[in-house]
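A.B. asks: Take a look at this one; I'll ask things after.
Numbering (the numbering used here), first residue to last: 18 to 156.
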C-alpha cells in the first residue's frame, strides 16, 4: 500500500517541479523587458499545460511571462541613431526630456515608441559606455 502512494507522490512532485520551470522567463531570459509583440505559442502552451495540471502554478507562469514580456517573440529589429542627433533631448543637467526623445526617435525610425509606459525598463549608462561612443559626460 505504501508503494503506490510513493509513486503518486513522486509523480506529483516531478510534475510540479517541471511546471514551475516551464516559465518562458527561465527559458528565454533575453526576452525580458519587452512591452508588446506577437505571443510565442510554445511559451503559451507550456503555461497552459500548467493550468491543465495545476491551476495556480499555470496562472503564476502566465502572470510572470506577461509581466516580464518573455511570452512575446523577440522583435528582431535593431536601429542605430547618431548620438549627435540625440543631443537636443538632453538638457544641461544631463536629464533626458522624454517628449523630445520620443519625437527624435519617431522622426528617425518612423515608429512611435512607448517611452511613457510604466513597464519600460530603464538602465543607467556608465562613463565607459559614453567613451565607447566617443562622447564626454556633460553632467
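All C-beta atoms in this analysis are idealised placements derived from N, C-alpha and C, irrespective of residue type, glycine included.
Counting only runs that start and end within the stretch 90-146, where is the alpha helix (DSSP H) found for 4 or more residues in a row?
C.D. replies: The qualifying runs are 100-103, 115-126.
A.B. asks: Exposed or buried, which one is residue 222 when buried takes at least 16 other CB atoms within 10 Å?
C.D. replies: Only positions 18 to 156 of the chain appear in the structure, and residue 222 is not among them; the question remains open.
A.B. asks: Residues in its own chain within less than 7 angstroms of residue 55 by CB, not counting five upstream and five downstream?
C.D. replies: Taking the chain shown and counting its residues from 1, one reaches residue 55 at position 38. Contacts found: 89, 90.
A.B. asks: May I ask you to report which of helix, strand or coil DSSP gives residue 56?
C.D. replies: Walking along the chain shown from the start, residue 56 turns up at place 39. Three-state result, residue 56: strand.
A.B. asks: Over what stretch of residues does the alpha helix (DSSP H) that includes residue 158 continue unbroken?
C.D. replies: Residue numbering for the chain in the displayed model covers 18 to 156; residue 158 lies beyond these limits and cannot be assessed.
A.B. asks: How is the alpha helix (DSSP H) around residue 50 delimited, first residue to last?
C.D. replies: As a first step, residue 50 must be located in the chain shown, where it is residue number 33. Segment: none, residue 50 is in no alpha helix (DSSP H) and carries neither H nor E.
A.B. asks: Who are the near neighbours of residue 115 in its chain, counting only those whose CB is closer than 7 angstroms to its CB and skipping five residues on each side?
C.D. replies: In the chain shown, residue 115 corresponds to position 98, counting from 1. These residues qualify, in order along the chain: 132, 133.
A.B. asks: Would you kindly work out how many angstroms separate the C-alpha atoms of residue 130 and residue 118, rounded to a whole number?
C.D. replies: Locating residue 130 in the chain shown gives position 113, counting from the first residue. Locating residue 118 in the chain shown gives position 101, counting from the first residue. Distance between the alpha carbons of residue 130 and residue 118: 10 angstroms.
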